[in-house]
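Notes for the one structure printed next.
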Amino acid sequence: ETGVTQTPRHLVMGMTNKKSLKCEQHLGHNAMYWYKQSAKKPLELMFVYNFKEQTENNSVPSRFSPECPNSSHLFLHLHTLQPEDSALYLCASSQVDENTGELFFGEGSRLTVL
Amino acid sequence: QQPVQSPQAVILREGEDAVINCSSSKALYSVHWYRQKHGEAPVFLMILLKGGEQKGHDKISASFNEKKQQSSLYLTASQLSYSGTYFCGTEQDYKYIFGTGTRLKVLA
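Keeping their order, the protein sequence lines are chains A and B. For the first sequence, position 12 (counting from the first letter as 1) is numbered 323 according to my numbering, and the numbering increases by one without interruption. For the second sequence, position 22 (counting from the first letter as 1) is numbered 277 according to my numbering, and the numbering increases by one without interruption.
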């Protein structure tokens, strides 16, 4: 239990579906992140929210849409995805003060796009 | 730009030592190290701060090279539980970026 909870843990969707991934952190952190991890590839930063403000959109296609309604919750809305979007999506949180603190990760949401 | 780690993979026997490197095109002001076991989320191991101070695991240490463009992670007297993929993480231009990863396997 890392204090970061992701749901669902597994998701299978068709290319025309709309779904959302949810992340909740119970650590009182002020920054939250979405990372994508494909098979045999390193972690790719997708989005960063500091104090609920999106500070980074790392050239992510518009079919991925993040939402951060408050500092404890982060969503990733998915729409008309492609099979190559199948991956493990990891949410993380940290406390950003002078430097970025350690990241605490959720267990991830395994996405399969058919 | 993503830090490059070396080696890409390493196999060692229990009790042996290992070194994993993390190289960046820019100076590293602080480096975090994480380990990810198969099917699990990455877990924080330690942080190496810009002055060389370290916080974290007691059997794992790290250092910078002279130009602070490379950090090395030292695993001493490895245990079976050390198996996994190791990532360095660093802040660049206000983005938290992970390295390419090193797969480590410890055999009995």
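No residue lacks a Cβ here, since even glycine has one placed at the ideal position from N, Cα and C.
Q: Whole angstroms is fine: what's the gap from LEU387 of chain A's alpha carbon to HIS337 of chain A's?
A: 18 Å
(Q) Quick check: the Cα distance between PHE319 of chain B and LYS310 of chain B, rounded to an integer number of angstroms? (A) 14 Å
Q | Coil, strand or helix - TYR284 of chain B by DSSP | A | coil
Q. Name the DSSP bridge partner or partners of THR423 of chain A?
A. A:VAL323
Q: Report the residues of the segment 285-312 of chain B with a CB closer than 7 Å to any CB of chain A, ordered along the chain.
A: SER285, HIS287, ALA296, PRO297, PHE299, ILE302
Q: Run the CB neighbour count on GLY339 of chain A, radius 10 Å, all protein chains shown included, and call it buried at 16 or more, exposed below.
A: exposed
Q) When the Cα of LYS333 of chain A is compared with those of A:SER373, A:MET357, A:GLU378, which residue comes out closest? A) A:GLU378
**Q.** Partners in chain B for PRO353 of chain A, counting only beta-carbon separations shorter than 8 Å
**A.** GLN257, PHE342, PHE353, GLY354, THR355, GLY356
**Q.** Exposure label - GLY339 of chain B; buried when at least 16 CB within 10 Å
**A.** buried
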